[in-house]
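Numbering (my numbering), first residue to last: 178 to 364.
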């Protein structure tokens, strides 16, 4: 989650909407910011020390479901959460469905889905894959990236993420962090 705002700035590719400049490096981020802050984006709560997968599962269970899928049909949840449905016989399939109805920077399903980056032209897709592979699979790189970004006070992290979405690498602090993460990703 800490790496997401920087990655979003590095790979920002959505500055135009309706044929007009938006003033954002990635307007897609602004759309997600306004969609449903309780289930999207940065989720500062999960950046607190000591958070676990169990905390993530509890958070998913508390989010109001967008829909239910009994017998493969999509119906309104009526605002119910998975936790609300546990007493009426929620299943593992219901939990797996709930996992697809939250949209943080990193979403845990049967794998970790990294979500902050814009779609890129085919010739640049490998850059995103290399960046994330280097940081997530390299123990040393991952630890250094976390140390680097966790050093930022928690109260400043949301503003940092917003500046990365709005200004991209034109923001000097975001650009500095991006350069450091890029170097770590290729070590």
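Beta carbons: idealized from backbone N, C-alpha and C, even for Gly.
Classify residue i: buried if its beta carbon has 16 or more other beta carbons within 10 angstroms, exposed otherwise.
{"i": "residue 203", "result": "buried"}
{"i": "residue 342", "result": "buried"}
{"i": "residue 230", "result": "exposed"}
{"i": "residue 215", "result": "exposed"}
{"i": "residue 233", "result": "buried"}
Can you tell which of the options has the C-alpha that lies nearest to the C-alpha of residue i?
{"i": "residue 259", "options": "323, 200, 331, 270", "result": "270"}
{"i": "residue 285", "options": "264, 237, 199, 344", "result": "237"}
{"i": "residue 282", "options": "195, 220, 359, 249", "result": "220"}
{"i": "residue 180", "options": "245, 215, 337", "result": "337"}
{"i": "residue 249", "options": "230, 274, 327", "result": "274"}
{"i": "residue 333", "options": "224, 192, 198", "result": "224"}
{"i": "residue 255", "options": "242, 247, 265, 358", "result": "242"}
{"i": "residue 363", "options": "319, 344, 327, 353", "result": "319"}
{"i": "residue 361", "options": "328, 327, 323", "result": "323"}
{"i": "residue 235", "options": "348, 276, 178, 325", "result": "276"}
{"i": "residue 354", "options": "344, 325, 302", "result": "325"}
{"i": "residue 198", "options": "244, 178, 335, 344", "result": "344"}
Output the distance between the C-alpha atoms of residue i and residue j, rounded to the nearest integer angstrom.
{"i": "residue 300", "j": "residue 346", "result": "20 Å"}
{"i": "residue 339", "j": "residue 182", "result": "8 Å"}
{"i": "residue 252", "j": "residue 262", "result": "14 Å"}
{"i": "residue 190", "j": "residue 267", "result": "40 Å"}
{"i": "residue 311", "j": "residue 184", "result": "13 Å"}
{"i": "residue 187", "j": "residue 356", "result": "9 Å"}
{"i": "residue 295", "j": "residue 330", "result": "26 Å"}
{"i": "residue 226", "j": "residue 288", "result": "22 Å"}
{"i": "residue 206", "j": "residue 293", "result": "8 Å"}
{"i": "residue 306", "j": "residue 313", "result": "10 Å"}
{"i": "residue 316", "j": "residue 196", "result": "42 Å"}
{"i": "residue 264", "j": "residue 309", "result": "39 Å"}
{"i": "residue 201", "j": "residue 351", "result": "14 Å"}
{"i": "residue 126", "j": "residue 217", "result": "Given that the chain is displayed from residue 178 to residue 364, the structure contains no residue 126 and the question cannot be resolved."}
{"i": "residue 272", "j": "residue 228", "result": "20 Å"}
{"i": "residue 192", "j": "residue 213", "result": "21 Å"}
{"i": "residue 358", "j": "residue 194", "result": "29 Å"}
{"i": "residue 244", "j": "residue 178", "result": "26 Å"}
{"i": "residue 208", "j": "residue 298", "result": "21 Å"}
{"i": "residue 348", "j": "residue 257", "result": "41 Å"}
{"i": "residue 246", "j": "residue 303", "result": "35 Å"}
{"i": "residue 328", "j": "residue 321", "result": "11 Å"}
Got a sec: does the ligand GDP put a non-hydrogen atom nearer than 8 Å to the Cβ of residue i?
{"i": "residue 341", "result": "Within the structure as shown, the ligand GDP is missing, as the structure has no ligands at all."}
Roughly how far, in whole angstroms, is the beta-carbon of residue i from the beta-carbon of residue j, given that I think they are within contact range, below 8 Å?
{"i": "residue 279", "j": "residue 240", "result": "6 Å"}
Return the chain-ordered ranges of every alpha helix (DSSP H) run that is complete within the segment 216 to 301 and spans a minimum of 4 residues. 230 to 239, 259 to 262, 269 to 276
Completely contained alpha helix (DSSP H) runs for the segment 183 to 222, where each covers 4 or more residues: Here the runs fully enclosed are 204 to 212.
Start-end ranges of the alpha helix (DSSP H) lying completely within the segment 302 to 330, minimum 4 residues: 302 to 314, 316 to 327
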